[in-house]
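**Q**
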Amino acid sequence: MRFSLSNRWALVVARVYHRSCAACVFCIAFTLLIGFLSPPPVPAQQPLQTAPSAESGGAAGSAPAPVARMREDLQYLASDELTGRGPGTPGIDLAAQHIAAAFEEIGLQTELIDGQPFQPLELDLGAKAKAAETNHVTIMPSEGPTKQLELDKGMSPLSIGNSGKAEGPLVFAGYGITAPELQYDDYQDIDASGAVVMLIRKSPGGASKQSPFSERKHARHAFFATKVKNAIEHGAVAVLIVNDPASIEQQVKQLQRRVDGEKQRLRTVEETLQNAPEGLEQVRQTLQDTKRATEAQLQRLEDQLREGRAGLIGVDGAGGLDQPAAIPVVSISRQVADELLKPAAGASLKKLENAIAGELKPRSVALQDLQVAVQTDITQSTVQISNVIATLPGKGALAGESVVVGAHYDHVGMGGYGSLSPGTIAVHNGADDNASGTVTMLEVARRTMAQLQSVASHRRLIFIAFTGEERGLLGSKHYVKQPLFPLTQTVAMVNLDMVGRLQDNELTVYGTGTAPQFNALLDRLNEAAGFQMLRVPSGYGPSDHTSFYQAKVPVLFFFTGLHNDYHRPTDDFDKIDFGGLARITDMVTDVTRALATGPRPNYQSTEPGGSITRQLTVFFGIRMRNGDDSVTIAEVFEDSPAARAELRAGDKVVKIEGKAIQHSDGILAALRAKHPGDLLNVQIQRDGKTLNVRVLLAQRP
Numbered sequence: 001m002r003f004s005l006s007n008r009w010a011l012v013v014a015r016v017y018h019r020s021c022a023a024c025v026f027c028i029a030f031t032l033l034i035g036f037l038s039p040p041p042v043p044a045q046q047p048l049q050t051a052p053s054a055e056s057g058g059a060a061g062s063a064p065a066p067v068a069r070m071r072e073d074l075q076y077l078a079s080d081e082l083t084g085r086g087p088g089t090p091g092i093d094l095a096a097q098h099i100a101a102a103f104e105e106i107g108l109q110t111e112l113i114d115g116q117p118f119q120p121l122e123l124d125l126g127a128k129a130k131a132a133e134t135n136h137v138t139i140m141p142s143e144g145p146t147k148q149l150e151l152d153k154g155m156s157p158l159s160i161g162n163s164g165k166a167e168g169p170l171v172f173a174g175y176g177i178t179a180p181e182l183q184y185d186d187y188q189d190i191d192a193s194g195a196v197v198m199l200i201r202k203s204p205g206g207a208s209k210q211s212p213f214s215e216r217k218h219a220r221h222a223f224f225a226t227k228v229k230n231a232i233e234h235g236a237v238a239v240l241i242v243n244d245p246a247s248i249e250q251q252v253k254q255l256q257r258r259v260d261g262e263k264q265r266l267r268t269v270e271e272t273l274q275n276a277p278e279g280l281e282q283v284r285q286t287l288q289d290t291k292r293a294t295e296a297q298l299q300r301l302e303d304q305l306r307e308g309r310a311g312l313i314g315v316d317g318a319g320g321l322d323q324p325a326a327i328p329v330v331s332i333s334r335q336v337a338d339e340l341l342k343p344a345a346g347a348s349l350k351k352l353e354n355a356i357a358g359e360l361k362p363r364s365v366a367l368q369d370l371q372v373a374v375q376t377d378i379t380q381s382t383v384q385i386s387n388v389i390a391t392l393p394g395k396g397a398l399a400g401e402s403v404v405v406g407a408h409y410d411h412v413g414m415g416g417y418g419s420l421s422p423g424t425i426a427v428h429n430g431a432d433d434n435a436s437g438t439v440t441m442l443e444v445a446r447r448t449m450a451q452l453q454s455v456a457s458h459r460r461l462i463f464i465a466f467t468g469e470e471r472g473l474l475g476s477k478h479y480v481k482q483p484l485f486p487l488t489q490t491v492a493m494v495n496l497d498m499v500g501r502l503q504d505n506e507l508t509v510y511g512t513g514t515a516p517q518f519n520a521l522l523d524r525l526n527e528a529a530g531f532q533m534l535r536v537p538s539g540y541g542p543s544d545h546t547s548f549y550q551a552k553v554p555v556l557f558f559f560t561g562l563h564n565d566y567h568r569p570t571d572d573f574d575k576i577d578f579g580g581l582a583r584i585t586d587m588v589t590d591v592t593r594a595l596a597t598g599p600r601p602n603y604q605s606t607e608p609g610g611s612i613t614r615q616l617t618v619f620f621g622i623r624m625r626n627g628d629d630s631v632t633i634a635e636v637f638e639d640s641p642a643a644r645a646e647l648r649a650g651d652k653v654v655k656i657e658g659k660a661i662q663h664s665d666g667i668l669a670a671l672r673a674k675h676p677g678d679l680l681n682v683q684i685q686r687d688g689k690t691l692n693v694r695v696l697l698a699q700r701p
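Be aware that the sequence shown starts at 1, since it is given in the UniProt record's numbering, and climbs by one per residue.
1) From which residue to which residue does the beta strand (DSSP E) around S402 run?
2) For G154 versus I332, is the C-beta spacing smaller than 8 Å?
3) Any idea which residues DSSP pairs D124 with across the strands?
4) Among all the DSSP beta bridges, which residues are the ones paired with S156?
5) Could you tell me how far apart the beta carbons of D377 and H411 are, in whole angstroms, since I believe they sit closer than 8 Å?
6) What are the residues that DSSP puts in a beta bridge with A390?
7) Which residues bound the beta strand (DSSP E) around F172?
8) Take the Cβ of V383 as the centre, count every other Cβ of all protein chains shown within 10 Å, and call the residue buried at 16 or more, exposed below.
9) Going by DSSP, what residues sit across from P554 in a beta bridge?
10) Could you give the DSSP three-state label for R309: helix, strand or coil?
11) Only counting runs of 3 or more residues, tell me where the beta strand (DSSP E) segments fall wholly within the segment 235–302, in order along the chain.
12) Have a look at Q604 and V555 and give me their C-alpha separation to the nearest angstrom.
13) For E249, count neighbouring C-beta atoms within 10 Å of its own C-beta (all shown protein chains included) and say buried if the count is 16 or more, exposed if not.
14) Within 10 angstroms of the Cβ of residue 722, are there 16 or more other Cβ atoms? Answer buried if so, exposed if not.
15) When you compare the segment 489–505 with the segment 544–555, are there three or more beta-carbon pairs, one atom per stretch, that lie closer than 8 Å?
16) Run through DSSP, which three-state label would T89 get?
17) Would a C-beta distance cut-off of 8 Å place L121 and G475 closer than the cut-off?
18) Exposed or buried, which one is E262 when buried takes at least 16 other CB atoms within 10 Å?
19) Under a three-way DSSP split, which group does A22 fall into?
20) Between V654 and the rest of its own chain, which residues show a CB-CB distance below 8 Å, the 5 nearest in sequence each way excluded?
21) Can you give the Cα-Cα distance for Q304 and G319, rounded to whole angstroms?
22) Who are the Cβ neighbours of S421 in its own chain at under 7 Å, not counting the five residues just before and after it?
23) I need the DSSP call for T514, collapsed to helix, strand or coil.
24) Tell me, which residues are paired with E204 by DSSP?
25) Provide the residue span of the alpha helix (DSSP H) that contains V439, from first to last.
26) Taking the Cβ atom as the reference point for each residue, do V239 and L301 lie within a distance shorter than 8 Å?
27) Bridge partners of Q699, per DSSP?
28) From A445 to Y566, what distance separates their C-alpha atoms?
29) Given a cut-off of 8 Å, decide if R460 and S402 are closer than it, judged by their beta-carbon atoms.
30) Considering just the uninterrupted stretch of the beta strand (DSSP E) at M533, what are its terminal residues?
31) List the endpoints of the continuous beta strand (DSSP E) containing Q75.
32) So, do the segment 191–207 and the segment 156–171 have three or more beta carbon pairs nearer to each other than 8 Å?
33) Count the other CB atoms, across all protein chains shown, that sit within 10 Å of the CB of Q297; report buried if there are 16 or more and exposed otherwise.
34) So, is L77 buried or exposed, given that buried needs 16 or more other C-beta atoms within 10 angstroms?
35) Excluding the five sequence neighbours on either side, which residues of its own chain have a C-beta within less than 6 Å of the C-beta of A529, listed in chain order?
36) Can you find the residues in the same chain that come closer than 7 Å, C-beta to C-beta, to F213, ignoring five residues on each side of it along the sequence?
Following this line, the structure appears as structure tokens:
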């Protein structure tokens with residue numbers, strides 16, 4: 001210990017801190033503090049073993065050197081200090097530097113791009129409004145004072161439109177819909193040529209089943225893009241969009257939950273600070289910093305809540321187009337729309353909405369004596385991100401060819417884009433997704449470098465930590481477009497994504513059909529590894545191998561399955577199975593070495609498909625052994641559903657649910673479709689007899 005703080009207070013402060021940070025700098029500060037309170041990492045001692053281990057991320061005890069090293073790397077990459085490795089954040093830069101330093105320490109070549117391992121690319125973070133002075137709406141009645149709607153106080157520019165100025169008379173075009181198939185046209189009784197058009201979001205009746213617009217075939221009329229295009233076709237020079245009540249209610253509920261959460265965090269911080277013992281100045285300072293950051297975040301959220309209640313749509317809230325519409329498009333508050341409509345239309349906005357929905361007839365009107373000027377100024381926000389690349393040069397006759405081993409190192413940061421916990425502002429640590437794949441890649445690099453030193457001829461190995469995977473495989477797509485070595489001489493790509501949650505000994509491998517040699521290779525190497533291997537032939541999928549497969553490179557993608565912590569703040573270090581991760585590292589090392597030294601795999605196309613597998617929720621209770629087009633039960637676990645159904649070791653599984661079984665994959669597929677409490681119909685052969693057995697499946701332990 002380097003700081004005299006009781007274990008009780010370390011735990012209390014950590015609980016307050018964990019998941020409550022509102023700014024990256026405070027996450028970093030507190031993690032550094034906790035570093036003073038923690039013992040040093042376990043030193044490296046022994047080589048990695050291929051035998052299965054029960055060791056998991058949260059378990060204490062000594063560990064072999066590579067496992068300890070992987071544990072240390074993963075704990076850092078998935079720490080709160082890195083704040084979820086979101087694009088454009090200090091956290092992802094720290095992760096990139098850590099990976100680059102590891103590549104260099106291993107002894108790989110890293111001076112590849114201007115003397116560095118970083119391959120830069122730009123990420124579009126979306127649109128944002130520039131200064132308030134260049135984003136406003138001015139309402140000019142023929143009589144009376146001019147009124148200006150200011151940025152975020154009555155108006156918000158929308159990125160579906162362009163930056164620019166426009167002026168014209170104001171017309172209200174209802175929902176802005178022209179639907180000949182429904183004999184409905186909001187523009188039939190107004191002239192929108194040269195006008196600023198005000199219209200309502202969505203369609204008459206909203207999601208009501210009584211509205212013909214709720215049918216899927218008519219849904220396009222509610223799209224922002226359809227409305228804006230229709231307005232332009234009718235001659236509009238600008239569009240003002242008024243949010244609908246249902247969308248506002250949903251937005252306000254989400255924001256209110258976030259505000260309530262921040263208020264609770266603030267109360268917890270204040271109580272902890274009040275009860276903190278005197279003399280713990282560094283702890284008290286950290287709590288004060290956290291309190292100030294939480295107060296600032298709470299203020300931002302309350303501002304957003306106020307705007308949400310007004311009905312303003314965010315700059316990117318209407319989506320975007322490849323080419324923005326040629327006119328300015330703006331969101332205005334419902335209050336402003338109501339004030340403009342009442343004098344000219346003789347009814348409130350709400351009454352007009354109800355009338356249109358009830359009669360399914362337009363109530364469009366030119367707002368007499370109102371001239372409107374619109375100015376918008378929007379810019380696209382970009383940030384530079386980087387792949388991190390290192391190589392082990394080839395030797396001999398194979399030196400001109402390459403094998404890529406890759407894993408993405410980015411995640412979803414503090415939530416928002418990509419998070420499956422909507423409205424949550426918290427560190428999404430991404431321990432499994434994909435710190436697990438990143439540390440496995442580093443260990444594979446270390447081991448293959450040592451193993452290939454004495455080999456006379458082997459291919460170049462290219463190790464790539466991809467960025468931007470969570471934003472659409474951006475890093476791998478960029479590398480494929482700008483490869484450091486010719487793709488025509490890249491013989492295979494091995495992808496590691498979410499390999500830290502091995503369950504039921506089940507390892508999924510995608511891309512097994514992208515080269516005819518792959519199944520035999522996996523069969524041979526899995527004899528020692530002993531995985532229950534689920535194989536998916538397709539080279540497509542939502543990870544970086546897809547970019548290479550589309551460039552006609554054979555691929556293998558290793559994966560341990562989706563789980564309930566995916567893209568949530570609960571994907572944490574303590575849930576990683578390091579015993580399983582060690583075994584997967586052994587397997588991938590063997591695969592990489594074979595690809596580096598063996599015959600070149602022949603690319604072959606596969607059909608799209610192969611959904612991402614989820615981990616099993618049921619417990620059967622057998623260990624299986626594959627034979628020639630057959631599966632034999634190698635072991636029946638004590639007090640398992642299989643044991644209670646009186647299945648035995650040596651039974652040959654013939655059919656599951658009436659389907660012939662030739663490989664253990666078929667049994668796993670059948671189990672994946674089941675829930676705890678379901679019956680599984682199993683046909684077996686025992687001592688020359690065919691028996692039908694019903695197994696009551698249990699919840700997986």
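We put the beta carbon where it would ideally sit given N, CA and C, even for glycine.
**A** Checking against the coordinates, here is how it stands:
1) Residue 402 sits at position 402 when you count from the first residue of the sequence shown. That run of the beta strand (DSSP E) goes S402 to H408.
2) Looking up residue 154 in the sequence shown gives position 154. Looking up residue 332 in the sequence shown gives position 332. Yes; because the gap between Cβ atoms is below 8 Å, this pair is in contact.
3) Within the sequence shown, numbered from 1, the residue matching residue 124 stands at position 124. Partner(s): T382.
4) Position 156 of the sequence shown holds residue 156. Answer is S331.
5) Taking the first residue of the sequence shown as position 1, residue 377 is located at position 377. Taking the first residue of the sequence shown as position 1, residue 411 is located at position 411. That belief does not hold up - the Cβ atoms of D377 and H411 are roughly 33 Å apart, past 8 Å.
6) To locate residue 390, count along the sequence shown from 1; it is residue 390. Looking at the DSSP assignment, A390 forms a beta bridge with F463.
7) Working through the sequence shown from its first residue, we reach residue 172 at position 172. Residues G164 to F172.
8) Locating residue 383 in the sequence shown gives position 383, counting from the first residue. Result: exposed.
9) In the sequence shown, the residue the question calls residue 554 occupies position 554. BP columns for P554 are empty, so no partner.
10) Reading the sequence shown from its first residue, position 309 is the one you call residue 309. It is helical.
11) 238–242
12) Residue numbering aside, residue 604 sits at position 604 when the sequence shown is read from its first letter. Residue numbering aside, residue 555 sits at position 555 when the sequence shown is read from its first letter. Cα to Cα, Q604 sits roughly 10 Å from V555.
13) Counted from its first residue, the sequence shown places residue 249 at position 249. When all chains shown are included, E249 counts as exposed.
14) This structure gives no information on residue 722, because the portion of the chain shown stretches from 1 to 701.
15) yes
16) Counting from 1 along the sequence shown, the entry for residue 89 is found at position 89. DSSP places T89 in coil when its eight states are reduced to three.
17) Taking the sequence shown and counting its residues from 1, one reaches residue 121 at position 121. Taking the sequence shown and counting its residues from 1, one reaches residue 475 at position 475. Cβ distance < 8 Å, so L121 and G475 count as in contact.
18) As a first step, residue 262 is located in the sequence shown; it is residue number 262 there, counting from the start. Looking at its Cβ environment, which holds 16 or more other Cβ atoms inside 10 Å, E262 is buried.
19) For this step, residue 22 is matched to residue 22 along the sequence shown. Only weak support exists for where A22 lies, its pLDDT of 35 falling under 50; the value from the coordinates is given anyway. Three-state result, A22: coil.
20) Numbered from 1 along the sequence shown, position 654 holds the residue referred to as residue 654. Once the five neighbours on either side are set aside, the close Cβ partners of V654 are A660, I661, Q683, I684, Q685 and T690.
21) Position 304 of the sequence shown, counted from the first residue, corresponds to residue 304. Position 319 of the sequence shown, counted from the first residue, corresponds to residue 319. Going from the Cα of Q304 to the Cα of G319 covers about 19 Å.
22) As a working note, residue 421 is residue 421 in the sequence shown. So the list reads G415, R568 and P569, once near-sequence residues are dropped.
23) The residue you call residue 514 lines up with position 514 of the sequence shown. Residue state, collapsed to three classes: coil.
24) The residue given as residue 204 occupies position 204 in the sequence shown. Note on identity: in this sequence residue 204 is Pro, with Glu being the wrong assignment. Answer is none; P204 lacks a bridge partner.
25) Numbered from its first residue, the sequence shown carries residue 439 at position 439. From DSSP, the alpha helix (DSSP H) with V439 extends over G437 to Q451.
26) By one-based count along the sequence shown, residue 239 stands at place 239. By one-based count along the sequence shown, residue 301 stands at place 301. Contact: no.
27) Residue numbering aside, residue 699 sits at position 699 when the sequence shown is read from its first letter. DSSP, once it has assigned bridges, lists V618 as partnering Q699.
28) Here residue 445 refers to the residue found at position 445 when the sequence shown is read from its first residue. Here residue 566 refers to the residue found at position 566 when the sequence shown is read from its first residue. About 27 Å.
29) Position 402 of the sequence shown, counted from the first residue, corresponds to residue 402. Position 460 of the sequence shown, counted from the first residue, corresponds to residue 460. Their beta carbons are under 8 Å apart, which means S402 touches R460 by this criterion.
30) By 1-based counting over the sequence shown, the position of residue 533 is 533. Looking at the DSSP string, the run of the beta strand (DSSP E) that includes M533 is Q532 to V536.
31) Your numbering for residue 75 matches position 75 in the sequence shown. Looking at the DSSP string, Q75 is not in any beta strand (DSSP E); the run it does join, the alpha helix (DSSP H), is A65 to L77.
32) yes
33) Indexing the sequence shown from 1 puts residue 297 at position 297. Classification for Q297: buried.
34) Position 77 of the sequence shown, counted from the first residue, corresponds to residue 77. Buried, because 16 or more other Cβ atoms sit within 10 Å of the Cβ of L77.
35) Here residue 529 refers to the residue found at position 529 when the sequence shown is read from its first residue. Cβ neighbours of A529 beyond the five flanking positions: M587.
36) Position 213 of the sequence shown holds residue 213. Cβ neighbours of F213 beyond the five flanking positions: S203, P204, G205, H221 and A222.
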